[in-house]
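Position 105 (the sequence shown) corresponds to 105 in full-length UniProt numbering; numbering is contiguous.
Input: a single structure, listed below in structure tokens.
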Amino acid sequence: MSTTTETRKFEAEVAQVLHLVTHSLYSHKDVFLRELISNASDACDKLRFESLAQPELVAGDAELHIDLTWDPEARTVTIRDNGIGMSREDVVANLGTIASSGTRRYLEALSSEQKHDARLIGQFGVGFYSAFVVADKVTVLTRRAGTEASAGVKWESDGKGEYSLEAVELPERGTAIVLHLKADEDEFLKPWQLRSLITRYSDHVAFPIRLSKDEDGKPTEEWETINSASALWTKPKSEISDEDYIGFYKSLGTDFNDPLAWTHNRVEGNQSFTTLLYLPAQPPFDLMMGGRDERKGLKLYIKRVFIMDAAEELLPNYLRFVRGVVDADDLPLNVSREILQQNRQLEKIKAACVKRVLDLIERLARDEPEKFQTFYKAFGNTLKEGIAEDHANRERIAKLLRFASTKGEGSTQDVSFDDYIGRMAVGQDTIWYITADGYAAAAGSPQLEAFKAKGVEVLLMFDRIDEWMLGSLSEYDGKKLKNVAKGELPLDEADKQKQEEASKAAEPLLERIKSLLGDAVGDVKVSARLTDSPSCLALSDYEMAPHLARLLREAGQAVPESKPTLEINPQHPLLQRLQGETDEGRASDLASLLLEQAEIAAGAPLADPAAFVQRLNRALLASA
């Protein structure tokens, strides 16, 4: 057998990770042990699954386990598992690259304000590289289950840009990771410290984690199992403490923080299964980026046999922040991902998971408002995606949404649709709202003026997802939802008559503004919305809000072209000045400024900002 050693360079993103790990990420050094044990557990899970169809893979070594030993003279810590192991191709793919299109964005964020926070390591799929937090050299010895002893691979790197590969003879399958500790990392050569870290972070790993026993400060060949190695979710709830639940959540390998809440349920009947689902207290780093995280979402087990990380199959995308496990009794064990996606039994489990999660969120909203506010701040926008994605639960999801309001306090988003309905005036049958690209833009919108004057509450929706979400939510509890900036406002007979009279009296002014603006507008009307401002944009019922159209264009999306309707307030001094202006140049400037300020207030981009500035300067000088 050839023993030629091959040296390769890391891909650029790996090199960037290693640089950050070795120079910046020191606030939680002990993260490395949790990450490496979690990887070892995954390897054992994968072997257990593959051995269901190929029992020969575990022949002669069926008891899966994870072993830790230390060598004070060589200054090494070794984490070894007898799981699936890796081939040479696996090693290159897993340890030489990061298969994540979004990794560069994560790294850019890490290298700025969050670079100190090592907790992020496990949140974007690069946990192995945490080894370099404490080691100045890492050696990996691995052999894929089912291969000959000669198929062993040795990988080694000092984390400075290159790694070596060498074919070696390995009598046993699995993977051993040898950490050559840095000079100032003596604490990890102490068995009590290793024992403490295993208990804290990995107690509920489903395989025995064995630590070599200590004798006179040196390891022996005897082993002590440190973790409980139990499937917590199979125990009766009465036997599980809050500390147990919290410890298990942290052992899932995605979060150092305590979970916000959890729900643990056993379903018996034609289809029996157990769910243990957690709400995190804060969003994972890659929630909105679609990043790679091999240990995210729900883990699927069948009779305690790990099958896959199956977030897409077990929960809809809008609940992708939920963590936990599902253990089914009666799903076929030879299912593939494709079959899972079409499996009716799994659809029933998915529906049950959704129900449990929504029940849990509703309980927080009802009984623990402070926790609910924490949840909503972290995941409210993600939850809103369910309005479009989950028709069956649309009303339940809508009931959980919260918004700012013209009758609320500042930008605080704590008003529900039910709160709004409870404050409706007698005879009001519409939930009024406005969307904008920020709280200030929503609260200061001129379209609110008539509603404020009449004391009608308006919900202020200023998250970017709101306009898109409302395309799938036209009513709630029998009440229509309507944007104050769209369509014609409903007027009583007295107001309708005033509006008609005002429009008739302003006909010459309307025609002049139309002539001055030409093709820049679709129409010019007298506004029923304005009481203080000179102008605003009005949209048709199905027209896209300007701020959303701008965002889509910036993202390279095609947006239908439309000409705005300009609404004016003839009583405003600017309109009266325009009406009496005899200089056509100044009149043209005033008309354009009326349109442009309305566009700015609506979040629309100005077609020619430089021309706007020049017009504004001319108007200011003329009034000086």
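No residue lacks a Cβ here, since even glycine has one placed at the ideal position from N, Cα and C.
None of these values were measured; they are calculated from a predicted model.
Can a CB atom of chain D be found closer than 9 Å to the CB of residue i?
i, result
"arginine 323", "No chain D is present in this structure, which holds just one protein chain."
What's the call for residue i, buried or exposed, on a 16-neighbour Cβ count within 10 Å?
i, result
"alanine 528", "buried"
"glycine 585", "exposed"
"asparagine 393", "buried"
"alanine 591", "buried"
"aspartate 583", "exposed"
"glycine 127", "buried"
"glutamate 596", "buried"
"glycine 83", "buried"
"aspartate 367", "exposed"
"leucine 64", "buried"
"threonine 435", "buried"
"glutamate 385", "buried"
"glutamate 488", "exposed"
"glycine 427", "exposed"
"leucine 620", "exposed"
"glutamate 313", "buried"
"arginine 274", "Per the sequence presented here, residue 274 reads as threonine, with arginine not at that position. Under this definition threonine 274 is a buried residue."
"lysine 504", "exposed"
"proline 236", "exposed"
Can you tell me whether DSSP reads residue i as helix, strand or coil?
i, result
"histidine 391", "helix"
"aspartate 329", "coil"
"isoleucine 209", "strand"
"arginine 464", "coil"
"isoleucine 177", "strand"
"arginine 323", "strand"
"threonine 199", "helix"
"histidine 264", "strand"
"aspartate 214", "strand"
"arginine 363", "helix"
"valine 415", "strand"
"valine 526", "strand"
"lysine 303", "coil"
"isoleucine 421", "helix"
"glutamate 172", "coil"
"isoleucine 431", "strand"
"glycine 60", "coil"
"lysine 480", "strand"
"aspartate 258", "coil"
"valine 354", "helix"
"glutamate 144", "Here residue 144 turns out to be arginine, not glutamate, going by the sequence shown. Three-state DSSP puts arginine 144 in coil, outside helix and strand."
"serine 533", "coil"
"tyrosine 542", "coil"
"isoleucine 397", "helix"
"residue 625", "Past the edges of the chain, shown from 1 to 624, lies residue 625, and the structure says nothing about it."
"aspartate 117", "Per-residue confidence for aspartate 117 stands at a pLDDT of 43, beneath the threshold of 50, marking its modelled position as unreliable; no derived number is given."
"serine 157", "strand"
"alanine 485", "coil"
The beta strand (DSSP E) that contains residue i, what's its start and end?
i, result
"serine 251", "Per DSSP, serine 251 belongs to no beta strand (DSSP E); it is in the alpha helix (DSSP H), 242-251."
"glutamate 6", "5-9"
"valine 133", "Where valine 133 is concerned, there is no enclosing beta strand (DSSP E), given that its DSSP letter is neither H nor E."
"leucine 276", "273-279"
"leucine 448", "Premise fails: leucine 448 is in no beta strand (DSSP E) and is neither H nor E."
Please list the terminal residues of the continuous alpha helix (DSSP H) segment that includes residue i.
i, result
"isoleucine 66", "Counting along the chain, isoleucine 66 falls outside any alpha helix (DSSP H), though it belongs to the beta strand (DSSP E) covering 66-71."
"threonine 406", "Note, threonine 406: premise wrong, no alpha helix (DSSP H); not H, not E."
"valine 91", "88-95"
"glutamate 584", "584-602"
"glycine 83", "Looking at the DSSP string, glycine 83 is not in any alpha helix (DSSP H), and its letter there is neither H nor E."
"isoleucine 37", "31-53"
"glutamate 501", "493-505"
"alanine 616", "The identity of residue 616 in the sequence shown is leucine, whereas the question assumes alanine. Run containing leucine 616: 609-623, per the alpha helix (DSSP H) assignment."
With a cut-off of 8 Å on the beta carbons, I'd call residue i and residue j a contact; round off their distance for me.
i, j, result
"arginine 323", "tyrosine 249", "7 Å"
"glutamine 282", "glycine 146", "Contact flag wrong, Cβ pair sits at about 42 Å."
"leucine 566", "alanine 598", "6 Å"
"arginine 304", "threonine 220", "Between threonine 220 and arginine 304 the Cβ distance is about 32 Å, and since that is not below 8 Å, they are no contact."
"leucine 516", "alanine 587", "6 Å"
Checklist entry - Quick check: the region 60-80 against the region 25-44, are there 3 or more CB pairs under 8 Å? => result Verdict: yes, contact present.
Next on the checklist: Below 8 Å, how does it come out for the region 459-479 and the region 385-404: are there three or more Cβ pairs, yes or no?
Outcome noted: Yes, the region 459-479 is in contact with the region 385-404.
Checklist entry - Is the region 386-396 in contact with the region 436-452, if contact means three or more CB pairs nearer than 8 Å? => result These segments do not touch.
Checklist entry - Taking three-plus beta-carbon pairs below 8 Å as touching, is the region 511-523 in contact with the region 480-490? => result These segments do not touch.
Next on the checklist: With three or more C-beta pairs closer than 8 Å as the rule, is the region 165-175 touching the region 184-193?
Outcome noted: Counting Cβ pairs under 8 Å, fewer than three are found: no touch.
Checklist entry - How do the region 612-620 and the region 489-500 stand: do at least 3 beta-carbon pairs fall below 8 Å, yes or no? => result Not touching, per the Cβ criterion.
Checklist entry - Does the count of Cβ pairs from the region 161-171 and the region 140-151 closer than 8 Å reach three? => result A contact exists between the region 161-171 and the region 140-151.
Next on the checklist: With a threshold of 8 Å, are at least 3 pairs of Cβ atoms found where one atom belongs to the region 202-215 and the other to the region 175-188?
Outcome noted: Using a Cβ-Cβ distance cut-off of 8 Å, the region 202-215 and the region 175-188 are not in contact, since fewer than three pairs of beta carbons, one from each stretch, lie closer than that value.
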